[in-house]
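Undergrad:
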Amino acid sequence: MKRSEVEFQYKRYSEQAILIQTLSKVDENLLETLLFYKKSIEKYYDKLIVEVILSYNSLLIYYVSTIEDVYGEILTLKSLFSDDGEIQVMKKRLWKVPVCYSNSLAPELSLFAAKKSMNIEEIISLHTAPVYTTHFIGFLPGFLYLDGLNEKLITPRKSTPSPKLKKGSVAIGGNQTGIYPCDSPGGWHVIGCTPLGFFDVNIEKPCFVSPGDKIKFVSIKENEYNDIRLSISKLDYTPKFDLI
Numbered sequence: 001m002k003r004s005e006v007e008f009q010y011k012r013y014s015e016q017a018i019l020i021q022t023l024s025k026v027d028e029n030l031l032e033t034l035l036f037y038k039k040s041i042e043k044y045y046d047k048l049i050v051e052v053i054l055s056y057n058s059l060l061i062y063y064v065s066t067i068e069d070v071y072g073e074i075l076t077l078k079s080l081f082s083d084d085g086e087i088q089v090m091k092k093r094l095w096k097v098p099v100c101y102s103n104s105l106a107p108e109l110s111l112f113a114a115k116k117s118m119n120i121e122e123i124i125s126l127h128t129a130p131v132y133t134t135h136f137i138g139f140l141p142g143f144l145y146l147d148g149l150n151e152k153l154i155t156p157r158k159s160t161p162s163p164k165l166k167k168g169s170v171a172i173g174g175n176q177t178g179i180y181p182c183d184s185p186g187g188w189h190v191i192g193c194t195p196l197g198f199f200d201v202n203i204e205k206p207c208f209v210s211p212g213d214k215i216k217f218v219s220i221k222e223n224e225y226n227d228i229r230l231s232i233s234k235l236d237y238t239p240k241f242d243l244i
C-alpha cells in the first residue's frame, strides 16, 4: 500500500495528546501503514512523547508535556507521513499458541458447539485452522485483538458477562477471538485455555506478542497443558515462533 492511499484526520485529544484517525478499510494493509507511521513518530520524537497507542484505525500520541502549538505539531506529524512511497512490509513472527479444548478447562465449549449446531471437533478444527493477525493490544494489558476468525464461529457476546474468566481463557466474542491474560470478568464465550501467560510486569517486555505478529492456535491434550504450565513455573519454557 502507498502512503498516499490513506487519508488521516488529526485533532487535539487532550492537553498532552493528539489523535490521528482514518476511515480507510481495516485490513492488513492499513495495519502495516499504521505500524510504519507509529515507528516514524516514535523515532522522530523519541523522549518527547510518553507513548503512541495503536488501535484498528488510529494512533493516539501522548506527549511528555502540554502541547503549546497544536497546529504546529499536527504539521510535523503530517510531514512524517507525507510521502508517495510504498510501505515496506517486514517479516512477521508467527507464534504457536498451545490451547487445550477439554471440558475441564473450557466448560462452555459444549454449550457453544450446541449453539452453533456443530460438534466439538468441528469447533476446534475451525478455530485452529486460521493464521490470526494481531492488530493491537488492550483492553487489559496483554489482551490481543486478533483478526481472522472463521465466519462460521462468529457469535454475539453474552448478554450477561461472566463475573470471572480464568487467566489463559481462549474465547470468542462477535467476530473476534482472544485470550484473557489474567482473571477477569468477560462477556466472551470460552472455548479453550492456554497455559501461556501474555502479560508479566516483572520482565523487560511484559507481553511477548507485538502488533503485526501472527498467531496460530495449536490444539493440545490436558496432560500437555499441565506439562507446559509446570515448565513455565520452573522458568523452563519459551513461547515458540517462526519468521514468515
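Be aware that the sequence shown starts at 1, since it is given in UniProt numbering, and climbs by one per residue.
Just so it is clear, CB atoms sit at the ideal spot from N, CA and C, and this is done for glycine as well.
Remember, it's a predicted structure, so these values are computed and weren't measured experimentally.
Applying the criterion that 16 or more other CB atoms from any shown protein chain within 10 Å of the CB defines a buried residue, is tyrosine 44 buried or exposed?
TA: For the purposes of this step, residue 44 is taken as residue 44 along the sequence shown, with counting starting at 1. Flag for tyrosine 44 reads exposed.
Undergrad: How many Å lie between isoleucine 191 and alanine 106 at the Cα?
TA: Position 191 of the sequence shown holds residue 191. Position 106 of the sequence shown holds residue 106. Rounded to whole angstroms, isoleucine 191 to alanine 106 spans 5 Å at the Cα level.
Undergrad: Span of the beta strand (DSSP E) holding serine 210?
TA: Start at 1 with the first residue of the sequence shown, and residue 210 comes out as number 210. First-last for serine 210: undefined, no H or E at that position.
Undergrad: At a cut of 8 Å, does the segment 161-172 reach the segment 55-74 through at least three beta carbon pairs?
TA: Segments in contact, no.
Undergrad: Leucine 153 and leucine 126 look like a contact to me (Cβ under 8 Å); what is the Cβ gap, rounded to whole Å?
TA: Taking the first residue of the sequence shown as position 1, residue 153 is located at position 153. Taking the first residue of the sequence shown as position 1, residue 126 is located at position 126. Yes, they are in contact, since the Cβ atoms of leucine 153 and leucine 126 sit about 6 Å apart, within 8 Å.
Undergrad: What are the boundary residues of the alpha helix (DSSP H) that lysine 164 is part of?
TA: In the sequence shown, the residue the question calls residue 164 occupies position 164. Careful: lysine 164 lies outside any alpha helix (DSSP H), inside the beta strand (DSSP E) at 162-165.
Undergrad: Going by beta carbon distance, what residues of the same chain come within less than 6 Å of tyrosine 199, once the five residues before and after it are set aside?
TA: Start at 1 with the first residue of the sequence shown, and residue 199 comes out as number 199. As written in the sequence, residue 199 is phenylalanine, which differs from the tyrosine given in the question. Result list for phenylalanine 199: Pro141, Gly142, Pro181, Pro206 and Cys207, in chain order.
Undergrad: So leucine 111 packs on asparagine 103, CB below 8 Å; how close in whole Å?
TA: Within the sequence shown, numbered from 1, the residue matching residue 111 stands at position 111. Within the sequence shown, numbered from 1, the residue matching residue 103 stands at position 103. So it is not a contact: roughly 11 Å between Cβ atoms.
Undergrad: Based on Cα-Cα distance, which residue from Tyr101, Ser117, Glu15 and Trp95 lies nearest to tyrosine 71?
TA: The residue you call residue 71 lines up with position 71 of the sequence shown. The candidate whose alpha carbon is nearest that of tyrosine 71 is Glu15.
Undergrad: Give, in chain order, every unbroken run of the alpha helix (DSSP H) that is at least 4 residues long and sits entirely within the segment 82-112.
TA: With a minimum length of 4 residues, no continuous alpha helix (DSSP H) run stays inside the segment 82-112.
Undergrad: Since glutamate 51 sits in a beta bridge, which residues does DSSP pair it with?
TA: If you number the sequence shown from 1, residue 51 lands on position 51. Answer by DSSP bridge pairing, in chain order: Tyr62.
Undergrad: Count the other C-beta atoms from every protein chain shown that fall within 10 angstroms of the C-beta of isoleucine 220, then say buried if there are 16 or more, exposed otherwise.
TA: Within the sequence shown, the letter at position 220 stands for residue 220. Flag for isoleucine 220 reads buried.
Undergrad: Could you tell me which whole beta strand (DSSP E) segments of length 3 or greater appear in the segment 123-178?
TA: Here the runs fully enclosed are 132-137, 144-147, 162-165 and 169-173.
Undergrad: From which residue to which residue does the beta strand (DSSP E) around tyrosine 13 run?
TA: For this step, residue 13 is matched to residue 13 along the sequence shown. 9-14 is the extent of the beta strand (DSSP E) around tyrosine 13.
Undergrad: To which residues of the same chain is glutamate 49 closer than 8 Å at the C-beta, ignoring the five residues directly before and after it?
TA: Counting from 1 along the sequence shown, the entry for residue 49 is found at position 49. Note that residue 49 is isoleucine in the sequence shown here, rather than glutamate. Taken in chain order, the residues that qualify are Ile41, Glu42, Ile61, Tyr62, Tyr63 and Val64.
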